[in-house]
Each structure stands twice: as structure tokens, then as C-alpha cells.
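Engineer: Numbering (the numbering used here), first residue to last: 90 to 352.
(1) Can you give me the C-alpha to C-alpha distance between residue 334 and residue 318, rounded to a whole angstrom?
(2) If you compare alpha carbons, which of 280, 265, 156 is closest to residue 289?
(3) Whole angstroms are fine: how far does the CA of residue 251 sit from the CA of residue 242?
(4) Starting from residue 70, follow the alpha helix (DSSP H) in both directions and report where the run begins and ends.
(5) Could you pull out every unbroken alpha helix (DSSP H) segment of at least 4 residues lying fully inside the segment 138-178, listed in chain order?
(6) Considering Cα atoms alone, identify which of 303, 313, 249 is closest to residue 326.
(7) May I ask you to report which of helix, strand or coil DSSP gives residue 266?
(8) What do you reckon, are the CB atoms on residue 258 and residue 244 nearer than 7 Å?
(9) Run through DSSP, which three-state label would residue 92 get?
(10) Considering residue 297, what are the terminal residues of the alpha helix (DSSP H) in which it resides?
(11) Determine the direct distance from the alpha carbon of residue 129 to that of residue 144, and round the result to whole angstroms.
(12) Measuring CB to CB, does residue 196 end up less than 7 Å from residue 164?
(13) Residue 203 and residue 215: beta carbons closer than 7 Å?
(14) Taking the C-alpha atoms as reference points, what is the distance between residue 230 and residue 256?
(15) Given residue 111, which residues of its chain have a CB within under 8 Å of its CB, disregarding the five upstream and five downstream residues?
(16) Helix, strand or coil for residue 196, going by three-state DSSP, please let me know.
(17) Would you tell me roughly how many angstroms separate the C-alpha atoms of residue 146 and residue 294, rounded to the nearest one?
(18) Identify, in the order they occur along the chain, each residue of the same chain with its Cβ nearer than 6 Å to the Cβ of residue 339, setting aside the five sequence neighbours on each side.
(19) Please classify residue 282: is it buried, with 16 or more other beta-carbons within 10 angstroms of its beta-carbon, or exposed?
(20) Have a look at residue 140 and residue 344 and give me their C-alpha separation to the nearest angstrom.
(21) Using only alpha-carbon positions, find the residue among 307, 188, 173, 171 that is nearest to residue 161.
(22) Per DSSP, what kind of secondary structure is residue 338 in: helix, strand or coil?
(23) Starting from the Cα of residue 154, find the closest Cα among 127, 217, 171 and give me that residue.
(24) Just confirm the distance between the C-beta atoms of residue 277 and residue 316, as a whole number of angstroms; I'd bet it's less than 8 Å.
(25) Starting from the Cα of residue 237, find the closest Cα among 314, 226, 206 and give me that residue.
(26) State the start and end residues of the unbroken alpha helix (DSSP H) segment that holds residue 319.
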């Protein structure tokens, strides 16, 4: 996703836009450069307004940016995000495709379009794009795309197909806790709590901490009937993350009768 703009960044963008408006050159090359820079500034402003929920201002800035530089993939990407927020899937799809046509190797746009296709119940098309972006050596966070692919498949009740994606995400980034949580939850849902415990323990063994991962450990241990192990995970969770939602979920979870202990 396009990075959230801070107040300072937003102010800088406004100043840049005003400067560009007042300093346009008379040459055709200068006008082209100025249009691109103005489009970039308006895109940043539009995205900032989008994050704030100011849809009218976002629409105005992004439409202006498109007129200034219709061949900017950043503009088309921002318009796709805007159209999604406005529940205009046909427009969102059109802008995503335009962005990818202009920047076919852009992993961020490809991942976002794949997520959009998944939400549109075009699961197989989304999976092809997720695979493409994970293989893209220029994409900085392929483990995120791999996790997204798994979440997409789980929503389509294709749990078995989701497992390899999560294992791939963890292989790429062992400390990426959302993939560990998703994999652990999937194994518990599949009646394989021992595999969930293994995922949790592997994460903890590399020195990482996560309230959500520890909660999966508690759930897995309870599903195994191993109350002693559940208490260990719970103690770590209370100690390191006392004020989290995960810690707040412990009393009810631990009050439930553990499953019959597995051999």
C-alpha cells in the first residue's frame, strides 16, 4: 500500500504543489516535467485525504493528478485504491490494470491487485498474481504476498492449499509473526494442534516475541490437552504483553476444559 502520510509530509506536499503551480516554465519540456511533479504532489495529497476519509478532496486531487499525468502508474494505483473505498469495483479493476500495464514489474501494485481480486472472489486469478509477485526479486516483502495468498485460500475454504504458502512465507521471513499465527490457527482448525505448537516454538526459538503467537500456543496446548504447556505460554503472554487483547482472552480460554491429552 502507499505509505500513510504524516502531517509534516502532507504540509510538505501542499508546499510543493503551490511551488509547482507558481514556477511552471514556458517550454514544452518544462511543462511536461512540471505536470509530472504536480501529478505526483496531487497523488500524495489525494492519498493523504483518502487515509483521512475525506473522499471529496481525495477525488478532486486524484482526478487532477490523472489529467496532469495519465500515464503515471502511481496515479492509476491511487485511483484504484480510491475506487475500492468507494465500492466501485469495475473502476478499481480498470485502474489496477492500467497501473500494471504501465508498471508490469511493480510488486506492490501486483500484490494489491491480487488482494482486490481475492475480495472479488476471483481466487484463481489472485493466486496467479500472488505467485508472480512472490517470484519477483525486486519486491521487498514477498512473505507478505505469500501470507495474503494463504489468507485468500482460507477464505475460499481451501486450507490444504494455504499451508504451502504459509510455510513459504515463514521460510522467507521466519520472524514474520502474521504468517506464524495464520499457520498455527490453520493447523488447529485442521485438528493438528501439535503442528501449531511446532510453528509457535520455532518462532520463539529465534528470540522473537508476539502476543498473538503466544495465544496460538495456548490454544494449541489446550487442544492437545496439555494444560501445563498452556500455562507456560500464558505466563509468557501475561509477562511480556499484559495489556493486549490476547492477554485479555486468556481467562476464558483457560477456564475451558482442555481436550483429552494426546499421546
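Ideal Cβ positions, reconstructed from N, Cα and C, are used throughout, including at glycine.
Structural biologist: The answer reads as follows:
(1) 20 Å
(2) 265
(3) 6 Å
(4) Outside the shown range of the chain, which is 90 to 352, sits residue 70, and nothing can be said about it.
(5) 144-157, 162-174
(6) Nearest of 303, 313, 249 to residue 326, Cα basis: 303.
(7) helix
(8) In this structure, residue 244 does not lie closer than 7 Å to residue 258 by Cβ.
(9) Unreliable positioning characterises residue 92 in this predicted model, as indicated by a pLDDT of 34, which lies under 50. A coordinate reading is not provided.
(10) Careful: residue 297 lies outside any alpha helix (DSSP H) and carries neither H nor E.
(11) 18 Å
(12) no
(13) Yes, Cβ-Cβ distance for residue 203 and residue 215 is below 7 Å.
(14) Straight across, the Cα-Cα distance linking residue 230 with residue 256 is about 15 Å.
(15) Residue placement at residue 111 cannot be trusted, given a pLDDT of 40 that sits under 50; what the coordinates show is reported in the next sentence. Answer for residue 111: no residue qualifies.
(16) helix
(17) 48 Å
(18) 323
(19) buried
(20) 41 Å
(21) 188
(22) coil
(23) 127
(24) The Cβ separation is near 16 Å, so there is no contact.
(25) 206
(26) 316-329
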